[in-house]
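Next up, the structure:
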């Protein structure tokens, strides 16, 4: 199950991502928003992060104008590893090396075609583990010490 959320700027891109997920036979849960009225992106980033960290959803995809604000908000949830990606290489490496569990996208930064390729790369790439698992564990330890 993929958790999806966006602010008002990300509605059109989220709808394209939903079509992609439908084509791939992947289930998703839409945490909103579905209105173009201005909303506060941190609420939506937190919703997806909580769903992913709790195990309700396997991974998440969050969207705001640049992807920056919503990813910062999501990363405040302990256990969330939201990565803002602007190309497929970043999406691949954040899965392989960082075990990112949430993909952040900028609706005002990326064309829909590229964004969909980034989503596919993020979903298709597995975590390598090994030396990278040790580094993810260090990140988690930093997170624990900072609480």
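In this note's numbering, the protein residues as written are -9 to 137.
Backbone N, C-alpha and C fix where the C-beta goes; we use that ideal spot for every residue, glycine too.
#1: Note the first and the last residue of the continuous beta strand (DSSP E) segment covering residue 49.
#2: Let's test the definition: count the other Cβ atoms within 10 Å of the Cβ of residue 25 and tell me whether it reaches 16, buried, or not, exposed.
#3: Pick out whichever of 125, 134, 137 has its Cα sitting closest to the Cα of residue 86.
#4: From this set, 105, 115, 74, 133, which residue's C-alpha is nearest residue 35's C-alpha?
#5: Kindly indicate which residue of 108, 55, 88, 45 has the alpha-carbon position closest to the one of residue 10.
#6: Within the same chain, show all residues whose beta-carbon is closer than 6 Å to that of residue 18, passing over the 5 residues directly before and after it, in chain order.
#7: Given residue 113, which residues of its chain have a CB within under 8 Å of its CB, disregarding the five upstream and five downstream residues?
#8: So which of 91, 59, 54 has the shortest CA-CA distance to residue 68?
#9: Straight-line CA distance for residue 134 to residue 123?
#10: Compute the Euclidean distance between the alpha carbons of residue 127 and residue 0, then round it to the nearest angstrom.
#11: What is the DSSP secondary structure of residue 11, reduced to helix, strand or coil?
#12: If you measure between the beta carbons of residue 70 and residue 42, is that distance less than 9 Å?
#13: Look at the Cβ atom of residue 81, then the Cβ atom of residue 111, and state whether they are nearer than 9 Å.
#14: How far does the beta strand (DSSP E) with residue 20 in it reach, from first residue to last?
Let me spell this out:
#1: 49 to 54
#2: exposed
#3: 125
#4: 74
#5: 108
#6: -8, -6, 11
#7: -8, 14, 16, 49
#8: 91
#9: 16 Å
#10: 32 Å
#11: For residue 11, the secondary structure class from DSSP, reduced to helix, strand or coil, is helix.
#12: yes
#13: yes
#14: 18 to 20
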